[in-house]
Amino acid sequence: MIAALQRLPAALPGAVWLAMLYLLLLAIAVIAPGVLAHSDPLLADPVNAQLPPSAAHWLGTDQLGRDLLTRVIYGSRYSMLISVAAMALAVLFGTLLGLAAALSRGVIDELLSRAVDVISAFPDLLLALMLIAFTGPGTNNLIIALGVASVPRFARVVRAQTYSVMTSGYVEQARTFGLSRFTLITRHILPHAIAQVPALATLGLGTAIIGTAGLSFLGMGPQPPTAEWGLMLAEGRNYLRNAWWIAVWPGVFITLTVIAVNTLGRHWQARFEGRNA
């Protein structure tokens, strides 16, 4: 373990280290925003409305005089928790569907595969928007919509990996030892079938963050006066001419977060492909 940790710095590119550092700070903002921000994100101060970035307010204030740095920090909680919850939902149901399809084969495999094909025919954001149009706006509905839209990517990968593992020599050998179906699946098939899921989920998280921000921008997610990046962006669009910082800073943090998540996800994906080359 110690030797592996000592080799880790040399094995990671500088961009990956920067991404990990940024995501560590973001995790602190999500888990304990009070550590980084020391004021109430909902505290309005009309006297100090639309102040530009300064020593007193590093990112400036919004149209109601609320400190933007504080709102960006607290906004990360909603943006990230919604995105992570949506990905967790997609991973869970995508893995179950992919595994069930590969293990069942026949008619069930065909039905599940066609259902996944129908869902994947729509772009993620468009499908999520359609689902929310039926269920109505709100945080829970946003999580479900983004999660359902992301299920196909995991179902397809897990199904393909499960097929590959089931035809491998060591699984055939395990069958000859008389292992139960449950043991065979949990010990020998599932761990290999989901090996690529963490990297795929990390890359999918970037898409979910954009989806969360985009749908919140359209009013489909958390409602005012909640501090959420997409909602903050929507509130600031009317002040771009006189107070550009109100909309720009949420957009900057959305962009940085997606870049950091994708950098880490692509690094994991490259390592996975390298091990299986």
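Count along the sequence shown from 1, then add 20; that gives the number in the numbering used here.
Quick reminder that beta carbons are idealized off the backbone N, C-alpha and C, glycines included.
| Asked | Found |
| --- | --- |
| Closest to A69 by C-alpha separation, out of G54, A49, L43 and R86, would be which residue? | R86 |
| So for T187, helix, strand or coil by DSSP? | coil |
| Just checking, does the stretch 124–142 make contact with the stretch 100–112 on the three C-beta pairs under 8 Å criterion? | no |
| Counting only the same chain and skipping the five closest in sequence on each side, list residues whose C-beta sits under 7 Å from that of L56. | I48, A49 and I93 |
| Is DSSP giving T81 helix, strand or coil here? | strand |
| Is A31 helix, strand or coil when you go by DSSP? | Only weak support is given to the placement of A31: the predicted model assigns it a pLDDT of 48, under 50, and the value that follows is read from those uncertain coordinates. Three-state DSSP puts A31 in a helix. |
| For Y98, which option in A247, P157 and W37 has the closest C-alpha, if you only look at C-alpha atoms? | A247 |
| Run through the stretch 118–148 for me and flag every whole alpha helix (DSSP H) of 4 or more residues, listed as ranges in chain order. | 126–140 |
| Does the contact criterion of 3 or more C-beta pairs under 8 Å hold for the stretch 214–232 versus the stretch 156–175? | yes |
| Strictly by DSSP, which residues pair up with D60? | Answer is none; D60 lacks a bridge partner. |
| Could you tell me which residues DSSP pairs with D87 in its beta bridges? | T81 |
| Which complete alpha helix (DSSP H) runs does the stretch 154–178 hold, if anything under 4 residues is left out? | none |
| So, helix, strand or coil for Q6, using DSSP? | Absent from the structure is residue 6, since the part of the chain shown begins at 21 and ends at 297. |
| Let me confirm a value: T60 is counted as buried when at least 16 other C-beta atoms fall within 10 Å, else exposed. Which label applies? | According to the sequence shown, residue 60 is Asp rather than Thr. Exposed is the call here. |
| Going by DSSP in three states, P270 sits in which element: helix, strand or coil? | helix |
| Can you tell me which of W264, H212, N282 and L43 puts its alpha carbon nearest to the alpha carbon of V178? | H212 |
| How is P245 classed by DSSP in three states: helix, strand or coil? | coil |
| What is the rounded straight-line gap between the Cα of L46 and the Cα of A52? | 10 Å |
| Got a sec, what are the start and stop residues for the alpha helix (DSSP H) F237 sits in? | V217 to F237 |
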